[in-house]
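Read in our numbering, the sequence shown has 69 at position 68, and its numbers run on one by one without any break.
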Amino acid sequence: TYIHTYIHTYIHTYIHKIRYKNFLIITGIILLIVVHGLVPNFIIAPFMAIPFIFLFVQMDLPKWMNRLLDGLAPHATNLWLIHMFFYITYFKDFIYSPKYILVIFGLLLICCYLSSSIINRIYKPVLKALKL
2 TYIHTYIHTY IHTYIHKIRY KNFLIITGII LLIVVHGLVP NFIIAPFMAI PFIFLFVQMD
62 LPKWMNRLLD GLAPHATNLW LIHMFFYITY FKDFIYSPKY ILVIFGLLLI CCYLSSSIIN
122 RIYKPVLKAL KL
């Protein structure tokens, strides 16, 4: 982990000297997405994900976005594990009922977030009862 910390500190120090860093970072992220779209292969995915994460972490985000991401963080695993149940298995017609993609995404996110909240309300007391 020392090497990881050193690399992250080096990149962080270098990037924060750049004048229009957020613009350049967003351009880099878009370029990574385009390259991954042109080469849709699971073998290339880790090589796209690692620079994506490094770039995203270097961005200066508005406070409201940091609060939003902090609010979603405890639910991240649940959102990832249950989203396919909503849009493929159980509520396909409901999730795809809106016409616009962003509304569909928002509806899916709301359903998964509410489900994750219920799951966490059950999960945490069970962990305490089992003393894990």
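Ideal Cβ positions, reconstructed from N, Cα and C, are used throughout, including at glycine. Note that the coordinates shown come from a computational prediction; the quantities given were computed from them, not determined experimentally.
Can you list, in chain order, the residues of its chain whose CB lies under 7 Å from that of residue i, leaving out five sequence neighbours each side?
i	result
L108	I96, P99
H84	L109, C113
I120	N79
What three-state label does DSSP hand residue i in the structure shown?
i	result
F43	coil
R20	coil
L62	coil
F95	helix
Y3	helix
Is the Cβ-Cβ distance between residue i and residue j less than 9 Å?
i	j	result
I26	F57	yes
L70	L80	no
F53	I30	yes
M60	K22	yes
Quick check on residue i: buried or exposed, where buried means 16 or more other Cβ atoms within 10 Å of its Cβ?
i	result
H17	exposed
H76	buried
S117	buried
Which residues in the same chain have their Cβ closer than 6 Å to the Cβ of residue i, if we skip the five residues on either side of it in sequence?
i	result
F92	none
Hey, which unbroken runs of the beta strand (DSSP E) at 3 residues or more fall wholly within the stretch 95 to 131? DSSP runs (the beta strand (DSSP E)) wholly in the stretch 95 to 131: none.
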